[in-house]
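S.K.:
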Amino acid sequence: MAISAATIANYAPWGNAQLAFEVGGTTLSTDPDTGNTVQALETVEYLAALKLEAPSWDGQPGADNSSYRCSGRLLSPDRLDTRITNGSQAEALINGYRGRFELVFDLDMDSAAYQDIRQSIQGTFRVIGGSISG
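152 is the number of the first residue of the sequence shown in my numbering; add one for each residue after it.
1) Determine which residues share a DSSP beta bridge with Ser227 and list them.
2) Look at Ala168 and Ala199 and say whether their C-beta atoms are less than 7 Å apart.
3) Going by DSSP, which residues form a beta bridge with Arg249?
4) Would you mind stating whether Ala171 and Glu193 have Cβ atoms separated by less than 7 Å?
5) Quick one: what's got a C-beta closer than 8 Å to Val189's C-beta in the same chain, skipping five residues either side?
6) Spatial neighbours of Thr185 within its chain, please: CB distance less than 6 Å, with the 5 preceding and 5 following residues excluded, ordered by chain position.
7) Quick one: Cα of Ile283 to Cα of Arg224, how far?
8) Buried or exposed, going by whether 16 or more other CB atoms sit within 10 Å of the CB of Ile217?
9) As a quick exercise: from Gly281, Ser239, Pro212 and Phe276, pick the residue whose alpha carbon is nearest that of Glu173.
10) Ile279 and Gly250 look like a contact to me (Cβ under 8 Å); what is the Cβ gap, rounded to whole Å?
11) Report yes or no: is there a C-beta of chain B within less than 7 Å of the C-beta of Gly176?
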């Protein structure tokens, strides 16, 4: 992920989550194999302060113990790009663990409430591959 160390340091210790969403870019190209026009992808990255809620499973067969509910606020930038929609997925690094974050908007909060505060963000985080430290 390409969030600078300076940005991370500015928000320490709250900036515990790095999120990288792939969204449709503004440029088009032609697929050499099919001749179809394809939209180039662009990566939009965020630093957020997220709290994780441990999975509540009791050892049932098929229960997923790698998925965490999370909620918090965006730090930098402080608003989601309009191309990021409910259900969008991002590569994530949260509390030193790599995984996949799926965005779920707080449907109860009126968009006018975002004017004076950093945008809230909620979703699920699935650990994939474990800790970056080993």
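Quick reminder that beta carbons are idealized off the backbone N, C-alpha and C, glycines included.
M.R.: For this structure:
1) The sequence position of residue 227 within the sequence shown is 76, counting from 1. DSSP lists Leu198 as partners of Ser227.
2) Counting from 1 along the sequence shown, the entry for residue 168 is found at position 17. Counting from 1 along the sequence shown, the entry for residue 199 is found at position 48. Yes, Cβ-Cβ distance for Ala168 and Ala199 is below 7 Å.
3) Your numbering for residue 249 matches position 98 in the sequence shown. Beta-bridge pairing links Arg249 to Leu244.
4) As a position in the sequence shown, residue 171 is number 20, starting the count at 1. As a position in the sequence shown, residue 193 is number 42, starting the count at 1. Against a cut-off of 7 Å, the Cβ pair of Glu193 and Ala171 comes out as no contact.
5) Here residue 189 is taken as the residue at index 38 of the sequence shown, counted from 1. Same-chain partners within the cutoff: Leu179, Ser180, Thr181 and Asp182.
6) Within the sequence shown, the letter at position 34 stands for residue 185. Cβ within range, chain order: n/a, list empty.
7) As a first step, residue 283 is located in the sequence shown; it is residue number 132 there, counting from the start. As a first step, residue 224 is located in the sequence shown; it is residue number 73 there, counting from the start. The straight-line gap from Cα to Cα measures roughly 23 Å.
8) By 1-based counting over the sequence shown, the position of residue 217 is 66. A small fix is needed here, since residue 217 is Ser in this sequence, not Ile. Exposed: under 16 other Cβ atoms inside 10 Å.
9) Taking the sequence shown and counting its residues from 1, one reaches residue 173 at position 22. Answer by Cα proximity: Ser239.
10) Position 128 of the sequence shown, counted from the first residue, corresponds to residue 279. Position 99 of the sequence shown, counted from the first residue, corresponds to residue 250. At roughly 5 Å, the Cβ-Cβ gap stays under 8 Å, so Ile279 and Gly250 are in contact.
11) The question asks about chain B, but that chain is absent: this structure has only one protein chain.
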